[in-house]
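Asks: Dumping the structure here so I can ask a few things about it.
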Amino acid sequence: MCALAVLLVAGTGWAVIRHYDGKVSHVTLRLDGVDRPEAAGGGTRNILLVGSDTRAGANGGFGDVEGQRSDTTILAHLDKDGSTTLVSFPRDLWLTIPAYTDSDGTEHQEQESKLNAAFALGGPSLLVRTLETFTGIRIDHYAQVDFSGFQQITDALGGVTVCVKELPESLKAQGFDNLNDKMSGWSGQVGDNRLDGARALAFVRQRYGLPEGDLDRIRRQQQFLGVVFHALTAGSTLVNPPRIRAVLNAATQALTLDTGTSLIDLQPLALRMQGVASGGVAFKTVPAAPGNRANQSVLVVDPGELETLLAPLRPGGGSAAGAGLVTRRAVPAAAGPVAVRRASLVANSAQAQAQQAPPPAASSCTY
């Protein structure tokens, strides 16, 4: 998601971006011969923004996990009417992954699994196919940034400030802790926290210890996007050429686009993202609740709520999703303590219900 940072800076001078465009890595999306949703056209664009948790080159700094997964997945919908909506997809979302052929030529049947498994199994191509099937929305552009790049971009900005609100005592008594997390490495305080790259990465990666796990992590990510773009539009950045160059260098080194996309193609997103701090960009999260599938703790979609969210984003505002949707069934939540606490919170906690809406502006606090 931090790849967005370079795009706003790019809006200050696209002659500069053309220089950096040749330094960006590209990946081929193998989508020929598969059924895809209708293209939006008419000036509307859909851009898939992916934060990959690849550990390549990190020397174990982010944990010992083979391969890579889509740790952050956001669909940026740039409507022809001028509105902009960023839809976050939880990594634990349970859905249908389409049939695919892997790099060894082995064919695999469609399967039900978590969203981030699509990226691990078939890379960007399978992730795009999975989301297009799930949403009925055609993806026009693909942009990915890895963990190392996430840190470098934040450091290039000179750090950012996020706000953490205190957990109610009732949640602390249940074992929740949003200020210390050994899994992500996050350690912070209630109120403002000034973050360098390493701490920013830990902040947006925490999910254990948060009341709603993956959903609260998404709210942190959305807050972080807001403060990043607020920092980028500040005079201290825009009149600081060395800082702009540092951000561009960090982002282009970490950024991967599909072969049909250049930085110039992302100019409309860059310009529209200037409205983040003022609330001009709508942040949404795919509605889901804790459940258990295949002995895993997952997030299960409510079909009606999903349709309400996605229908306005499709061509003509029509219904086209559902082929990849695994509907919610009356299945008990996973037996693990984290899953049990999450389910209990969703059912009984007024605080959790109040947190369903993502932060509207950069100054919002999140758990």
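For the sequence shown, my numbering gives the first residue as -15, with consecutive numbering after it.
C-beta atoms are modelled at their ideal positions from N, C-alpha and C, and glycine is treated no differently.
Predicted, not measured: the structure shown is a model, and the values here were computed from it.
1. Residues bridged to Asp176 by DSSP?
2. Taking DSSP as the reference, what is the three-state secondary structure of Ile121?
3. Since Pro274 is in the beta strand (DSSP E), which residue starts that stretch and which ends it?
4. At the level of alpha carbons, what is the spacing between Thr12 and Ala278?
5. Measure the alpha-carbon distance for Leu151 versus Met167 and round it to whole angstroms.
6. DSSP three-state call for Asn162: helix, strand or coil?
7. Within its chain, find whatever has a CB closer than 7 Å to the CB of Cys349; leave out the 5 residues flanking it on each side and keep chain order.
8. Judging by CA-CA distance, which residue of Asp161, Asp63, Ser171, Thr243 is the nearest neighbour of Glu401?
9. Would the stretch 219 to 227 count as touching the stretch 116 to 135 if we require 3 or more Cβ pairs under 8 Å?
10. Looking at the ligand PLP, does it come within less than 7 Å of Asp286, judged from the CB to the closest heavy atom?
11. Would you mind listing the alpha helix (DSSP H) stretches within the stretch 78 to 141 that are 4+ residues and don't spill past its ends, in chain order?
12. Answer yes or no: do Asp242 and His10 have a C-beta to C-beta separation smaller than 8 Å?
13. Return the chain-ordered list of same chain residues with a C-beta closer than 8 Å to the C-beta of Gly25, the five sequence neighbours on each side being excluded.
14. So, for Val174: in the same chain, excluding its five sequence neighbours on each side, which residues have a beta-carbon less than 8 Å away from its beta-carbon?
15. Quick check on the DSSP output: the alpha helix (DSSP H) that includes Phe187 runs from which residue to which?
16. Could you tell me which residues DSSP puts in a beta bridge with Ile31?
17. In the DSSP assignment, find the unbroken beta strand (DSSP E) run with Ala266 in it and report its ends.
18. Helix, strand or coil: which one does DSSP assign to Leu297?
19. Below 6 Å CB to CB, which residues in the same chain sit around Trp78 once its five sequence neighbours on both sides are set aside?
20. Which word fits His3, buried or exposed, when buried means at least 16 other C-beta atoms lie within 10 angstroms of its C-beta?
21. Identify, in the order they occur along the chain, each residue of the same chain with its Cβ nearer than 7 Å to the Cβ of Ser97, setting aside the five sequence neighbours on each side.
22. Quick one: is Gly320 buried, meaning 16 or more other Cβ sit within 10 Å of its Cβ, or exposed?
23. Mapping DSSP to helix, strand and coil, what is Thr236?
24. How many Å lie between Val315 and Asp19 at the Cα?
25. State the Cα-Cα distance for the pair Thr221 and Ile121, rounded to the nearest angstrom.
26. Please name the residue, chosen from Thr68, Leu141, Thr57, that lies closest to Gly102 on a Cα-to-Cα basis.
27. Between the alpha carbons of Gly169 and Gly27, how many angstroms are there, rounded?
28. Alpha carbons only, please: which of Thr240, Leu216, Phe73, Gly219 is nearest the one belonging to Ile202?
29. Gly6: buried (16+ other C-beta within 10 angstroms of its C-beta) or exposed?
30. Going by C-alpha to C-alpha distance, which of Lys268, Arg229, Gly17 sits closest to Leu141?
31. Whose C-alpha, out of Gly106, Gln95, Arg75, is nearest the C-alpha of Thr85?
32. I'd like to know if the stretch 286 to 300 and the stretch 264 to 277 are in contact, where contact means that at least 3 CB-CB pairs between them fall below 8 Å.
33. Select from Arg113, Leu239, His92 the residue whose C-alpha is nearest the C-alpha of Gln136.
Replies: Short version:
1. As computed with DSSP, Asp176 is found in a beta bridge with Cys147.
2. Residue state, collapsed to three classes: coil.
3. From DSSP, the beta strand (DSSP E) with Pro274 extends over 272 to 277.
4. Take the alpha-carbon of Thr12 and the one of Ala278: they are about 32 Å apart.
5. Taking the straight line joining both Cα atoms gives about 19 Å.
6. Asn162: coil per DSSP, three-state reduction.
7. Excluding sequence neighbours, Cys349 sits near Cys147, Val148, Lys149.
8. The displayed coordinates of the chain run from -15 to 351. Any statement about residue 401 would go beyond what the structure contains.
9. Segments in contact, no.
10. No copy of the ligand PLP appears in this structure; indeed no ligand is present at all.
11. 99 to 119, 131 to 140, all fully within the stretch 78 to 141.
12. Between Asp242 and His10, the gap from beta carbon to beta carbon is short of 8 Å.
13. Only Pro299 meet the Cβ criterion.
14. So the qualifying residues of the chain are Val148, Lys149, Glu150, Leu163.
15. Per DSSP, Phe187 belongs to the alpha helix (DSSP H) from 181 to 189.
16. In DSSP, Ile31 forms a bridge with Ala60, His125.
17. Unbroken beta strand (DSSP E) run through Ala266: 266 to 269.
18. Here Leu297 sits in helix by DSSP.
19. Arg277, Val282, Val284, Val310, listed in sequence order.
20. His3 is exposed by the Cβ-count criterion.
21. Closer than 7 Å at the Cβ level, and outside the excluded window around Ser97, lie Ile81.
22. Reliability fails at Gly320, whose pLDDT of 40 lies under 50, so the model's placement of it is uncertain and no value is given.
23. Helix, per DSSP.
24. Any reading at Val315 must be qualified, since the residue scores a pLDDT of 38, below 50, and its modelled position is unreliable; the value itself is stated next. One C-alpha to the other measures close to 32 Å.
25. Rounded to whole angstroms, the separation of the alpha carbons of Ile121 and Thr221 is 35 Å.
26. Correcting the residue type first, residue 102 is Ala in the shown sequence and not Gly. It is Thr57 whose Cα lies nearest to the Cα of Ala102.
27. Approximately 42 Å, taken between the alpha carbons.
28. Of the listed residues, the one whose Cα sits closest to Ile202 is Phe73.
29. Under this definition Gly6 is an exposed residue.
30. Among Lys268, Arg229, Gly17, the Cα nearest to that of Leu141 is on Arg229.
31. Scanning Gly106, Gln95, Arg75 for the CA closest to the CA of Thr85 turns up Gly106.
32. Three or more pairs of CB atoms, one per stretch, sit closer than 8 Å, so the stretch 286 to 300 contacts the stretch 264 to 277.
33. Relative to Gln136, the option among Arg113, Leu239, His92 whose CA is nearest is Leu239.
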